[in-house]
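Residue numbers (our numbering): 5 to 686.
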């Protein structure tokens with residue numbers, strides 16, 4: 005091999021190395037250092053490598069004022085001069101920066117060398133505190149008598165939520181635009197205000213080449229921006245910005261889009277008003293909508309409920325919009341409309357029909373009146389009673405819809421989806437809905453005209469994602485439906501994600517199983533147990549036909565436990581209440597039919613042998629019977645497995661099973677679903 009080829013090879017290999025690997029490689033020799041240092045510093049995340057350990061010993065003062073500390077303690081305390089020197093040397097290499105330490109944010113903001121940053125994400129700044137800050141907080145708890153009175157007097161004098169003081173201003177543009185943060189000391193208040201101002205000036209003068217910016221809501225704790233005009237002015241200088249995620253305050257979408265003409269992705273967990281208003285207060289007149297056409301915006305996520313007229317405005321003013329995430333739809337139908345009442349004999353007064361008339365008026369015509377490219381809708385809040393008919397009524401106007409996130413799927417909505425979208429790709433549940441008690445969805449109607457969630461798997465060959473982990477489906481829905489229609493194979497060949505709880509599996513009681521396994525007496529599987537295992541194997545065989553699966557989960561850690569509660573819904577209010585006439589014994593007896601899959605080799609786990617693409621397998625919250633043989637089988641037959649969600653208990657069995665998997669496949673990690681599954685809302 006020619007020596008001159010080594011740099012080229014290193015550059016190629018570096019694309020496959022992690023940050024820790026790169027950190028080790030730069031220490032091999034000078035040539036490797038020169039080649040790989042720019043790549044190592046290309047992307048910085050202060051939650052990785054040694055950043056946490058270094059920054060927690062950070063001291064914001066150049067001279068340590070704690071004279072009683074030893075020389076060793078002083079050497080372990082990295083001050084701002086050290087970080088500044090680090091950024092002067094390596095700052096020009098940084099292109100992607102993710103920061104969640106106030107000290108690092110301040111150092112970067114002071115730096116004049118970080119001029120090539122194209123992606124900046126500010127995380128939760130309040131989640132990390134230095135040892136000195138922790139020590140100061142602990143010291144406050146020990147104050148007594150006069151010291152405590154003096155402390156509370158100082159807090160009162162700090163003037164939280166008052167305008168920034170003149171002595172804290174770094175630039176005239178901040179005068180009257182920022183409120184003082186509520187802090188514990190005047191020193192901390194001043195430091196936070198200066199950090200916020202430096203950061204805003206950094207955006208305006210140094211980081212003008214940014215293409216991606218995420219402003220976390222924790223920034224408002226450094227000092228709340230009182231004037232939206234200030235933020236508009238600073239963002240207007242980021243002419244190359246393509247993606248903006250701003251959670252600091254409520255803003256006008258129109259004002260942002262006019263100032264950022266190249267913006268393609270806009271996200272906010274705050275209310276994003278869809279009318280034109282630059283002032284600090286917003287009008288109550290929601291008839292003032294977007295005041296222009298913005299052709300570049302492709303993805304919009306905002307924490308706001310909108311009306312049908314607002315939705316029509318978005319389609320009209322954002323012709324390139326492909327993905328939309330909103331809170332939900334608000335009702336704007338007048339059921340007493342005289343024009344509708346005049347046609348009483350000719351018009352059907354169903355909710356969907358009423359909304360079709362409203363949508364027709366809002367859109368200015370039929371389904372072809374507003375050409376659009378919308379492919380994905382995510383509705384994140386719990387539906388109002390009228391939301392389902394609104395969404396169903398909108399389908400004819402959305403010919404390209406492929407992905408949908410909702411909180412529930414009524415039969416009529418399933419029917420409309422199957423009718424309008426033969427090439428549908430993804431159906432998901434909103435992660436923010438209130439789940440309440442678990443409820444198993446029993447479907448006894450397996451006729452061709454029945455519309456249940458399982459129909460997506462049966463009639464949509466392009467389906468790639470069935471993500472409904474909160475939904476509890478009876479195993480009968482799968483097996484009996486397959487028998488009725490005599491389907492030989494699953495048409496959902498492209499399915500990559502299947503997340504759903506499978507219930508109503510008839511299983512032995514714990515006493516019967518313990519008796520069988522202890523061999524107290526000769527005992528064979530009874531007819532019911534044989535039937536149950538055969539049913540489970542049939543279901544797993546159906547899932548095993550979806551050979552492209554990457555994520556497969558059957559369980560969810562329900563906060564109420566795996567326990568069925570008989571409930572009913574009050575039609576007038578929509579309130580879910582526990583049914584009367586049920587005692588505890590009846591509920592316990594009813595729950596025996598709500599057992600989950602065993603997930604053992606005897607019950608058909610080996611039917612999943614062809615899932616060679618599987619990366620995530622979930623069994624959280626399940627009363628499964630996975631043992632050593634099953635874990636060894638998973639390790640051998642799922643070569644791409646990386647995550648097991650479940651088996652995270654502290655009992656001897658789970659500890660032993662994790663140890664076996666770690667020995668066979670050390671790269672596989674174990675997670676809890678509540679830790680791992682946090683769907684990004686926006």
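From the three backbone atoms N, C-alpha and C, an ideal C-beta is built for every residue, glycine too.
Worksheet item: Which residues share a DSSP beta bridge with residue 432?
Response: 409, 471
Fill in: For residue 297, the first and last residue of its enclosing beta strand (DSSP E)
Here residue 297 belongs to no beta strand (DSSP E), and DSSP marks it neither H nor E.
Discussion item. If you follow the alpha helix (DSSP H) that residue 29 is in, where does it begin and where does it stop?
Written reply: 23-29
Worksheet item: Contact between the region 358-370 and the region 410-419: three or more CB pairs below 8 Å?
Response: no
Worksheet item: Is the beta carbon of residue 294 less than 9 Å from the beta carbon of residue 269?
Response: no
Worksheet item: Between the beta-carbon of residue 412 and the beta-carbon of residue 377, is there less than 9 Å?
Response: no
Worksheet item: Short check: CB of residue 231 to CB of residue 201, under 9 Å?
Response: Taking 9 Å as the Cβ cut-off, residue 231 and residue 201 do not qualify as a contacting pair.
Discussion item. If contacts are defined as beta-carbon pairs under 8 Å, then residue 408 and residue 374 qualify, I think. What distance do you get, rounded to the angstrom?
Written reply: A Cβ-Cβ distance of about 19 Å is found for the pair residue 408 and residue 374, leaving them out of contact under the 8 Å criterion.
Worksheet entry | Terminal residues of the beta strand (DSSP E) in which residue 47 lies | 47-49
Fill in: Exposure label - residue 667; buried when at least 16 CB within 10 Å
exposed
Worksheet item: Is residue 32 buried or exposed, if buried means 16 or more other CB atoms sit within 10 Å of its CB?
Response: exposed
Practice prompt. Just confirm the distance between the C-beta atoms of residue 557 and residue 506, as a whole number of angstroms; I'd bet it's less than 8 Å.
Written response: With 8 Å as the limit, residue 557 and residue 506 do not qualify as a contact, their Cβ atoms being about 10 Å apart.
Practice prompt. Kindly indicate which residue of 29, 91, 400 has the alpha-carbon position closest to the one of residue 360.
Written response: 400
Worksheet item: What are the start and end residues of the alpha helix (DSSP H) that includes residue 419?
Response: 415-424
Worksheet item: Thinking C-beta only, is residue 183 closer than 9 Å to residue 122?
Response: no
Discussion item. Buried or exposed for residue 15, going by 16 or more other Cβ atoms inside 10 Å?
Written reply: The residue is exposed, with fewer than 16 neighbouring Cβ atoms inside 10 Å.
Discussion item. Check this for me: beta carbons of residue 623 and residue 662, under 9 Å apart or not?
Written reply: no
Worksheet item: The alpha helix (DSSP H) with residue 674 in it runs from where to where?
Response: Run containing residue 674: none in the alpha helix (DSSP H); it sits in the beta strand (DSSP E), 673-675.
Worksheet item: Can you tell me whether DSSP reads residue 638 as helix, strand or coil?
Response: helix
Discussion item. My output table needs one value for residue 542: the three-state DSSP class, helix, strand or coil.
Written reply: helix
Worksheet item: Using DSSP with H/G/I as helix, E/B as strand and the rest coil, what is residue 132?
Response: coil
Fill in: 6 Å Cβ shell around residue 554 - same chain, five flanking residues per side excluded
500, 617, 619
Worksheet item: Going by other Cβ atoms of all chains shown within 10 Å of its Cβ, with 16 needed for buried, is residue 166 buried or exposed?
Response: exposed
Discussion item. Does residue 148 pass the burial test, meaning 16 or more other C-beta atoms within 10 Å, or should it be called exposed?
Written reply: With fewer than 16 other Cβ atoms within 10 Å, it is exposed.
Item to complete: Would you mind giving the Cβ-Cβ distance between residue 306 and residue 222, rounded to the nearest angstrom? I have them listed as a contact below 8 Å.
Response: The Cβ separation is near 20 Å, so there is no contact.
Discussion item. Can you tell me whether residue 360 is helix, strand or coil according to DSSP?
Written reply: helix
Worksheet entry | Rounded straight-line distance, which links the Cα of residue 215 to that of residue 717 | Any answer about residue 717 is impossible in this case: the structure gives the chain only from 5 up to 686.
Worksheet item: Is the beta carbon of residue 498 less than 9 Å from the beta carbon of residue 467?
Response: yes
Worksheet item: Within this structure, are the beta carbons of residue 206 and residue 272 separated by less than 9 Å?
Response: no
Practice prompt. Indicate the three-state DSSP secondary structure (helix, strand or coil) for residue 19 in the structure shown.
Written response: coil
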